[in-house]
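Student: Residues in the sequence shown are numbered from 4 upward in steps of one, following the working numbering.
The C-beta atom is built at its ideal place from N, Cα and C for all residues, glycine as well.
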Amino acid sequence: MKLIAFLAATLMVLPAPQARKAKKPAKPPVTPPAVQQQVVSVETENTSLILLIDGKGQVYTRHYGARIGQPGLYLEEALGEEDYNTCDGLAYPATGGRFVGEPALQVKYADGTHNTELYFTGVSSEERGGCSVTTLSLKDYVTELSVKLVFEAYLQEDIIVEHTEILNGGKQPLELLNYASSSLYVQADDYLLTHFWGAWAADMQMEHELLGHDLKVIESRRGTQATQGNNPSFLLSLGTREFSETAGEVIAGALAWSGNFRLSFERDNGGRLNILAGISPFASAYPLAAGASFTTPDMIYTWSGEGAGKASRNLHRWARKYSVYDGGEVNPTLLNSWEGAYFNFTTETLLRMMDDAAGMGLEMFVLDDGWFGNKFPRNGDNAGLGDWEVNTSKLPEGIDFLASYAHSKGLKFGIWIEPEMVNPRSELARNHPEWVVQSHGREVYQGRNQWVLDLSNPAVEDFVFGIFDRTMQLAPGIDYIKWDCNRVIQSFGSTYLGAQQDRFFVEYCQGLYNVMRRIREKYPRVLVQCCSSGGGRVDYGSLRYCNEIWTSDNTDARSRAFIQYGTSLIYPACVMGSHVSTVPNHQTGNVTPLKFRFDMACAGRLGMELQPKNLSADERALADRCIRSYKQYRDLVFTGDLYRLASPYDGKYYGLMYVSEDKSRAVVFTYCLDYEPRNVGGKTFRLQGLDPSRTYRVTEQNVDKSCWWGNGKRFTGDFLMGGAFNPRLPQIYSSAVFVLEAE
Ligand code: DGJ
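Spelled out as structure tokens, the structure:
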């Protein structure tokens, strides 16, 4: 019976006699050389990523989590019987060989084949100030394709950053169909994925999802504004179905890329989970000529054994020190003209706003959209983008005059640009139609009445750099640029790239980074805000060049509780632009007390975005007071460790605190988001991160009568962390801010 089956199968695959004659004798199959089994351990102070190289040279991820004292013991672990269906667990699985899962790497070679099998060829390591770099070299044993897996371990922050370098060492061109930055296998009984979806004015909304078997994908195909739909980041709670701030194993990951991205989570039938992270391969089969290489963006990982709170703190500490541009430096408070004036201003309007900003103790004035365009004046969002000359009828005295007025008032001066975009109603669109992102012969769709400029074209890179450069020359001492980007890419394509359209999405983002790199070489000190209709470009790729983000176009303080909470899970408070605006709120119509709006905005980089002359005398006095007090404690917001005390998603309250590294000072923010029944006393927040044995004096800010019985008194850290801190926040939108100082 078996024999019959074998013969039938054989007969089916036998080629016709003629074809057999024509075929050259097959080369004997090549086999990879055997290597010495070994363990490579990438270590930080509290974590280990352990890679095992088997005797055939296959590289497996065996552990990512708590630090293992004797990683060599993994050599004792048998890799198991040969399994002809799978080789899950590979550190960088490629399509081909016996691997049938979701690949980190898929290559299409010139002969049309898709098989790649990577084997270990060497390992090296070097120290680079606070970071040790381990590079594993792998190579396909037939095609001369090689891959370097590069791991940077940031010891003190418990961060491991991975990227790969893919080299076509063969003589023929090839195409990269998948080219992830990282593949990470983990093993647990349950996987609770926390990730962030969003929309305009609803950025970084948290979602939890228990992963089943099969594939979960989080992706962006938007090109620009890549992060407004989904953020390239996640937290993964291991072995639990509950999200916890303080307990359990959590892996957090974030991709440093501002274009299309893809995170996938594949749980196999053995219960293992493979996390792949990288550029989205959507419409991006990337060609590699013979001898050419491709470097993927960084994937940032941390592991915490103490819940999500510690994972966030690890990311924040690392980001402030190594990733955010000038991270951890205290940035100025500001008044932004947008919601106070929109497009309707004159020089006089702006001067009076500056007077008010200076009067309230703010430190910078930012002139938002609407200052440019003459033939096509920018008096609405339907004209002028691309024509970056000062509108002489609106601002006849020029930007120079405005900037020097601001400076004379002791204010810094900032200005808005949206350099990647063009309105069809502009001189630029008429002079350079070939610079617009477009698919040949098809309609070029508009979004917010605008088109996107093709940053995959080096001439456009120069133009965009020129916009920034010329804007900086409009006045001596421009201190801040708000870089906006208000639409996604649709009907994509590039006139410049000709037949190589597959390169478009990747090279758009690389073009953007080229411009930002040039900007930083020329203007290392200017503050840059990364804005994209709010949080449409919030990622660690752009933050390398930018000091902060515009967290959301939604300035309603209630919505902000959710948006800022979500953002804080991955990104540090020093980057979170947060503004007090008017009521009813322009986005939601919600009405909240001015104090609640200040208390929310003060948990990030405080700004105001309203017409100050519309504030009453009492409101002005409160604004002055809140701004003054913020300046006393804001170093904690910019550099302290964040502890989230209550989640807005859990019910009625939101609470968080920042603690100085030496635990001598802290600031606590508490908010009521819903009606509190009268028979309930104060809300208990268990403070965190204090020194249990030190005594702290607690002072509520910006009130004459405190909402906490302990205000002005001294308490030990353990008392405050033990459940005694229970301010009364009795009504919807009650809020309170407390400063703690150790004696
Ligand atoms: C969108 C931004 O997010 C807003 O803050 C504002 O700058 C407008 N664009 C201006 O058009």
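Could you tell me whether the Cβ atoms of tryptophan 582 and glutamate 612 are closer together than 8 Å?
Tutor: It is worth fixing the name first, because residue 582 is histidine in this sequence and not tryptophan. Taking 8 Å as the Cβ cut-off, histidine 582 and glutamate 612 qualify as a contacting pair.
Student: So for valine 43, helix, strand or coil by DSSP?
Tutor: Three-state result, valine 43: strand.
Student: What are the residues that DSSP puts in a beta bridge with tryptophan 419?
Tutor: Answer is Lys485.
Student: Any chance you could list the beta strand (DSSP E) runs of at least 3 consecutive residues sitting entirely within the stretch 330–377, in chain order?
Tutor: Runs of the beta strand (DSSP E) inside the stretch 330–377: 337–339, 367–370.
Student: Have a look at serine 459 and cysteine 512 and give me their C-alpha separation to the nearest angstrom.
Tutor: Serine 459 and cysteine 512: Cα-Cα distance of roughly 8 Å.
Student: Whole angstroms are fine: how far does the CA of isoleucine 53 sit from the CA of leucine 748?
Tutor: For residue 748 there is no data in the structure shown, the boundaries of the chain being 4 and 746.
Student: Where does glutamate 746 land, buried or exposed, given buried means 16+ other C-beta within 10 angstroms?
Tutor: Glutamate 746 is exposed by the Cβ-count criterion.
Student: May I ask you to report which of helix, strand or coil DSSP gives valine 671?
Tutor: If DSSP states are grouped into helix, strand and coil, valine 671 belongs with the strands.
Student: For ligand 1, I want to know if cysteine 675 counts as a neighbour, meaning its beta carbon is within less than 7 Å of at least one of the ligand's heavy atoms.
Tutor: No, ligand 1 has no heavy atom inside 7 Å of this Cβ.
Student: In the DSSP output, what is serine 185 paired with across the bridge?
Tutor: Looking at the DSSP assignment, serine 185 forms a beta bridge with Ala280.
Student: Identify every residue that forms a DSSP beta bridge with serine 307.
Tutor: Val253, per the DSSP bridge assignment.
Student: Quick one: give me the first and last residue of the beta strand (DSSP E) that serine 51 is part of.
Tutor: From DSSP, the beta strand (DSSP E) with serine 51 extends over 50–56.
Student: Which full runs of the alpha helix (DSSP H) of 4+ residues lie inside the stretch 192–241, going along the chain?
Tutor: Complete alpha helix (DSSP H) runs here, min 4: none at all.
Student: Just how far apart, CA to CA, sit valine 740 and tryptophan 711?
Tutor: Cα to Cα, the separation comes out at about 11 Å.
Student: Could you tell me whether the stretch 622–630 touches the stretch 657–671, using the rule of 3 or more Cβ pairs below 8 Å?
Tutor: As far as the Cβ criterion goes, the stretch 622–630 does not touch the stretch 657–671, which means the pair count is below three.
Student: Report buried or exposed for aspartate 371, applying the criterion of at least 16 other Cβ atoms within 10 angstroms of its Cβ.
Tutor: Counting Cβ neighbours within 10 Å, aspartate 371 comes out buried, since at least 16 surround it.
Student: From which residue to which residue does the alpha helix (DSSP H) around isoleucine 402 run?
Tutor: Its alpha helix (DSSP H) spans residues 401–411.
Student: My guess is that methionine 603 and tyrosine 674 are in contact by the Cβ rule of under 8 Å, so how many angstroms apart are they, rounded?
Tutor: Yes, methionine 603 and tyrosine 674 are in contact; Cβ-Cβ is about 7 Å, under 8 Å.
Student: Check whether the Cβ of cysteine 534 lies closer than 7 Å to any heavy atom of ligand 1, and answer yes or no.
Tutor: Yes, Cβ of cysteine 534 sits closer than 7 Å to a heavy atom of ligand 1.
Student: Please report the straight-line C-alpha distance between phenylalanine 641 and aspartate 217, rounded to a whole angstrom.
Tutor: Going from the Cα of phenylalanine 641 to the Cα of aspartate 217 covers about 41 Å.
Student: Here's a check: name, in chain order, each residue in its chain whose Cβ is nearer than 7 Å to the Cβ of phenylalanine 246, leaving out the five neighbours to either side.
Tutor: These residues qualify, in order along the chain: Leu195, Thr197, His211, Ser240, Ala311.
Student: Comparing the CB of tryptophan 553 with every heavy atom of ligand 1, is any distance shorter than 7 Å?
Tutor: The answer is yes for tryptophan 553.
Student: Under three-state DSSP, which class holds serine 696?
Tutor: Coil, per DSSP.
Student: List the endpoints of the continuous alpha helix (DSSP H) containing isoleucine 71.
Tutor: Taken as a continuous stretch (DSSP letters only), isoleucine 71 belongs to no alpha helix (DSSP H), as it is neither H nor E.
Student: Look up proline 290 in the DSSP assignment and give the residues it is bridged to.
Tutor: Answer by DSSP bridge pairing, in chain order: Glu178.
Student: Could you check what DSSP says for glutamine 734 in three-state terms: helix, strand or coil?
Tutor: Residue state, collapsed to three classes: coil.
Student: For the alpha helix (DSSP H) containing aspartate 638, list its first residue and its last residue.
Tutor: Here the alpha helix (DSSP H) through aspartate 638 covers 620–642.
Student: Rank Ile420, Ala432, Glu510 by C-alpha distance to the C-alpha of aspartate 487 and give the top, closest one.
Tutor: Residue Ile420 is the option with its Cα nearest to aspartate 487.
Student: Quick one: Cα of lysine 24 to Cα of proline 290, how far?
Tutor: Confidence in lysine 24 is poor, its pLDDT being 49 and thus under 50, which makes the residue's placement too unreliable to answer from.
Student: With 8 Å as the threshold, decide whether the Cβ of valine 586 is near any Cβ in chain C.
Tutor: Absence of chain C from the displayed structure is noted, only one protein chain being present.
Student: Measure the alpha-carbon distance for glutamine 190 versus tyrosine 67 and round it to whole angstroms.
Tutor: Glutamine 190 and tyrosine 67: Cα-Cα distance of roughly 9 Å.
Student: So, at 6 Å on beta carbons, what are the nonlocal neighbours of glutamine 493 in its own chain, with the 5 sequence-adjacent residues on each side left out?
Tutor: Cβ neighbours of glutamine 493 beyond the five flanking positions: Tyr448.
Student: Can you check which of these residues, Gln61, Leu500, Asp114, is closest to proline 461 by C-alpha distance?
Tutor: If we check each option's Cα against that of proline 461, Leu500 comes out closest.
Student: Rounded to a whole number of angstroms, what is the C-alpha to C-alpha distance between serine 185 and arginine 433?
Tutor: When rounded, the distance between both Cα atoms is 43 Å.
Student: Flag asparagine 234 as yes when its Cβ comes closer than 7 Å to any non-hydrogen atom of ligand 1, and as no otherwise.
Tutor: Answer for asparagine 234: no, Cβ out of range of ligand 1.
Student: In three-state DSSP terms, what is phenylalanine 522?
Tutor: The identity of residue 522 in the sequence shown is isoleucine, whereas the question assumes phenylalanine. Residue state, collapsed to three classes: helix.
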